[in-house]
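Mapping of the sequence shown onto my numbering: position 769 corresponds to residue 769, and the numbering continues sequentially without gaps.
Beta carbons are placed, not taken as given, at the ideal position from N, Cα and C, and that holds for glycine.
First comes the structure, then the notes that go with it.
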Amino acid sequence: MSALVLSGFSAIVQSWYIIPATAATILLGIIVHDWILSLRMPPGPRPLPFIGNKHLIPTSSPWIQFEKWSRIYGPIFTLWIGRRPTVIVSDPNVAVDLLEKRSNKYSSRPRFVVMGELYWENASILVQPYGREWQIRRKLLHQALNPSALRVYKPVQEAEATRLCHQLLSRPDAFEGIMDRFTASVVFSISYGHRIDSMNAHIIRQRLDFMQYSASLNVPGRYLAESIPVLKYVPNIFAPWKRAIQAKGRVEAKANMSLVREVQNDMATKKDLPDSLTKLLLKARDEDPASFSLLSERDFSFIPASLFGAGSDTTASTLCSGILMLVTNPVTLQAAHAELDEVIGTDRFPTFDDEKSLPYIVALCNEILRIRPVAVLGGTPHANSESDTYRGYYIPKGTNILSNSWAINLNPRYYPNPHHFNPLRFLPDTVPPRSLGYLAKSYVESTPQEKGEPHPSKDGHSSFGWGRRICPGAGLARNSLFIAVAKMLWAFDILPYTEADGSTRSSPTQLDVAGGKSPDSVHADGTSDSVAEKEVRHDTRDLESGSTPSEKPEQAAKTTNAEPRDPNLVDWDGPDDAQNPMNWTLKRKLIITGCISIITLLTPLGSSMFAPGVPQVMRDFKSDNIYLASFVVSVYLLGYSFGPLLIAPLSEIYGRTPLYTACNFLFTIFNVACALAPNMAALIVFRLFAGLAGSCPLTLGAGTLADMIPQQRRGAAMAAWALGPLLGPVIGPVAGGYLTQAEGWRWTFWVLAIAGGAVSIVAVVFMRESYAYVLLDRKAKRLRKETGNPNLRSILDTGKSPRDLFVFSIVRPTKMLFLSPIVFLLSLYVAVIYGYLYLLFTTMTTVFEDNYGFSQGSVGLAYLGIGCGSLIGLFALALMSDRLHQYLTKKNGGVPKPEYRLPPMIIGSWFIPLSLFWYGWTAEKHDHWILPILGTACLGIGMLMAFMCTSTYLVDAYTIYSASAIAANTVFRSLLGALLPLAGNKMYATLGLGWGNSVLGFIALALAPLPLLFYKFGERIRKSKLFQVEF
């Protein structure tokens, strides 16, 4: 029986490949399915398997990038978020075709597992999928917000707009808060019949808290349940996150129901209760209970609550956009004043009864809504409830549909000169500008109406959405905007801010406003009602990027006085250019850093994984030469020595990614060749070439990180990357020892080749070019082709031909190594430590087999001391590197220095001699085997700090030439690592383990002060004319 069980188990083990083969087949099937689907859908940026286009979508202001893509792929294109497609609509006629003419298919919502199902239990109309329950909610809202019902609310809006003007007069410094209070009070009064005196009122703070919390639940990627919906069914005892969300949802539901009950009680006890949405809904429920039968009390209470959530903040934001447009376009402000003076006069406020007599004010409100839509991506996405075909493109069921209001409202086809704030474009055809005699003649004659093709929406813009999901409170919002703008412009003038010295701060140009710049303030002056002059400061944020654009006067002066820039120089499109690797999304940076770290772990693995198999190799090839026994291991490092001299200059001409791809492929090929080597000579040659190819990630890794990650945050990423060259050589012997014992030395190379092939595929899929020189050069080539201007060139272009640049770049690492004392001495220090490491690698097998009786398999475990030490050093460095850098930078007045990377190395430098004395004498005296292994752990700590601090220091000090600086360091380090082990066996045979390692320890002790010297005097050396090198 036992034999039968063992036989079955053996069969399973021998057919292990079935599981990964099945998994690979499934993955391949998914990839092929998604690829075919992407070909059938509207075109778009090329998605990556399982990731889609997430790495291409900017984290801030994505609508701007979407608008750029619409010019490339057309008015309807597809983006992939993971494996889920999203169709982006950038043309109003396409939006009408899909979201209105086919609204029976395109009126549903995507599934919101956390916010919709767990938090709101689908009670909110915002997340309700298309169906009977949504139709009931929509019908009730329509009854309470139809044109006849809106007339009931106008007295409330007029009263609140008057109070808005009074508060602006009394407290102009609270500009934004007053706007917020106005819109909150209007919407709350209409929802529940109670006005709001202050934004600090408990009920308002509670409402805002609910809104912020629900928004936080809808952050993409925050909750795994959105990707794996079955997790919503995990019992609360095992899912505290779910329990907390549901508890908060119950608090909001209780608050909503309490507000409804309060109105219900008022209706029973008070006469002449003001009309409100809740009051109208309660009356309708009493008159027609059958229509409300599907709605629970919780569901009913969410209908008026949704009006406050949707209408309070959006109208306030629109009013602020209106102020921005008026202060930067004074000619439109003068025209509005002219109309108000003519039609209203100075004796009364404008009212809704005057709306038909104020066509320019109405047009101005529509232009505000057009040029800065609040729901810039059309609000909550639509989703189609069944598959469809449009213009030959297939749109599968459940696809997210986003209408990019930014692109639609700024489409020059419908709005010529779209960034120009021009209310005349919204005047009806029956009211030509010349018929408004009160408008200045110069304004009418100099300003074209800029009307394009007719917009399919009756509003002339798409700011309130489309189809059956259009904002139900659109009419209410339009009324609030009109009455607030009319009364404010009647009461106040809005002028650029006046400085303390009496000068007027210049307003941004129209182009600046289109680009998102905004004024630092507005200034309110009394007008026809003799309102006393007041100042209203209004700090705004960049409308596109979210950053504050205002610059200090001295900075502006510097900009003004700077020399004019060559118009043919091609640079990034501003500091927030999404194509600049520094602005890539965090997820994209993490993916690329992960790929580099994996590659950088694999190639050093190849340097030592073979070491425990050397005795087998010597027997197989019938050799007893002790120098060849060491050289067949260390020759790999000779490849590390010479590879960077070729790879570094090539990368600075052609970019990082082509070099990663080619070297990964060559690394795999030469490891296959090593596995098939017929003799010692062939094995040594193939190992040399494998080392040449394997040096790529060590040469380019630090430079790639420097391309993407700012200096102050580079330490943690460098720690992850530096782990590879330190842990790889440690893990290698452990795995290689058991693998050699089980399958023979050739299988160590087969495993490396398999891993290399897998990593090559991953790198091809996920890696992206990050070198700014190459990216800007490509951009310049593309622009030369698009514009026909042959003089365009990258701002980083040196003017050298590729051949000259290659010759120049291949010399650069050598010049750095021998002419820069910083590069030379730090490279020497790291090279000595690296040589010690590989000397131990080539001798530890003999030490632990002969002195401690370790087997061929278990001898690899002796290398774990170095690995554990490296991990300790890594964690210590990851915790303190960036923090220490930030602390020292702050202490230096906010000015960073590369030398601030060296303090951890000052500490680590003393671990190196300590480890050599410890290891040497405990092994010499045959003390317990754990003691020499603990000694090597100290070597791991000091080695990691030296290696990583040096790499980061060189990257920070030589930035654009960081690849060459690292190449110089790698060449020197690898050369010593290849040659020093050749003397190891002879040295130990002559001096013994104790004194042999003591000699190495004394050398390390002599070099230990170097990091402290460079910390103190590094900046002086770098800036000294004596050591200036033309790189």
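- Straight-line measurement puts the Cα of Tyr223 at about 51 Å from the Cα of Ala1004.
- DSSP, reduced to helix, strand and coil, places Trp80 within a strand of the structure shown.
- In the structure shown, the three-state DSSP call for Arg391 is coil.
- Exclusion of the five residues before and after Glu158 leaves Thr351, Phe352 and Ile483 as the residues of its chain whose Cβ lies within less than 7 Å of its Cβ.
- Under the three-state reduction of DSSP output, Gly473 falls in the coil class, being neither helix nor strand.
- Contact check between the region 690-703 and the region 827-836: fewer than three CB pairs, one atom from each, fall below 8 Å, which does not count as touching.
- Scanning Tyr829, Tyr887 and Leu954 for the CA closest to the CA of Phe972 turns up Tyr829.
- Distance check between Gln616 and each of Leu377, Leu676 and Trp745 places Trp745 closest, using alpha-carbon atoms only.
- The Cβ atoms of Cys868 and Gly920 lie no closer than 8 Å to each other.
- Here the C-alpha atom of Ser858 lies approximately 14 Å from the C-alpha atom of Phe610.
- Rounded to the nearest whole angstrom, the CA to CA distance from Ser60 to Ser405 is 16 Å.
- With at least 16 other beta carbons inside 10 angstroms of its own, Lys242 counts as buried.
- Spatial neighbours of Thr842 in its own chain (CB-CB distance under 6 Å, excluding positions within 5 residues in sequence) are listed in chain order as Ser630, Val633, Pro981 and Gly984.
- With distances taken between CA atoms, Pro129 lies nearest to Phe112 out of Phe112, His142, Leu118 and Tyr119.
- In this structure Tyr119 touches Ile245 by the C-beta definition: roughly 5 Å separates them, less than 8 Å.
- In this structure, the CA atom of Arg132 is about 48 Å from the CA atom of Asn580.
- Sixteen is the threshold: when 16 or more other Cβ atoms of the shown chains lie within 10 Å of the Cβ of Lys589, as they do, the residue is buried.
- Taking 8 Å as the upper bound for CB-CB distance, Glu453 and Arg413 are in contact here, some 6 Å apart.
- A check of alpha carbon separations from Pro373 across Leu410, Phe349, Ala338 and Leu358 identifies Leu410 as the nearest.
- Here the alpha carbon of Trp572 sits roughly 47 Å from the alpha carbon of His166.
- 8 Å or more divides the Cβ of Leu638 from the Cβ of Ala967.
- Of Leu1007, Leu650, Leu37 and Gly398, the smallest CA-CA separation from Val811 is found for Leu650.
- The beta carbon of Pro92 is closer than 8 Å to those of Ile408, Asn411, Tyr414, His455, Pro456, Ser457 and Ser462 in its chain, skipping five residues each way along the sequence.
- Contact between Gly865 and Gly736 does not hold, since their C-beta atoms are separated by about 17 Å, which reaches or exceeds 8 Å.
- If you check the CB distance, Ser107 and Arg468 come in under 8 Å.
- Counting only runs of 4+ residues, the alpha helix (DSSP H) found wholly inside the region 262-307 occupies 277-287, in chain order.
- Boundaries for Phe426: no alpha helix (DSSP H) harbours it, and the DSSP string shows neither H nor E there.
- A distance of 8 Å or more separates the beta carbons of Leu1010 and Leu916.
- Ile626 has its alpha-carbon roughly 37 Å from the corresponding atom of Thr952.
- Beta-bridge partners of Ser794 (DSSP): Val570.
- In summary, His928 is exposed, with fewer than 16 beta-carbon neighbours lying within 10 Å of its beta-carbon over all protein chains present.
- A check of alpha carbon separations from Ile906 across Ala937, Thr183 and Met948 identifies Met948 as the nearest.
- Its Cα nearest to that of Ser185, the residue Arg207 stands out among Leu169, Met987, Arg207 and Ser170.
- CA-CA distance, Ala662 to Phe749, rounds to 19 Å.
- Within the same chain, and ignoring the five residues on either side of Thr162 in sequence, the residues whose Cβ sits closer than 7 Å to its Cβ are Phe349 and Lys487.
- Distance from the CA of Pro47 to the CA of Arg656, rounded to the nearest whole angstrom, comes to 21 Å.
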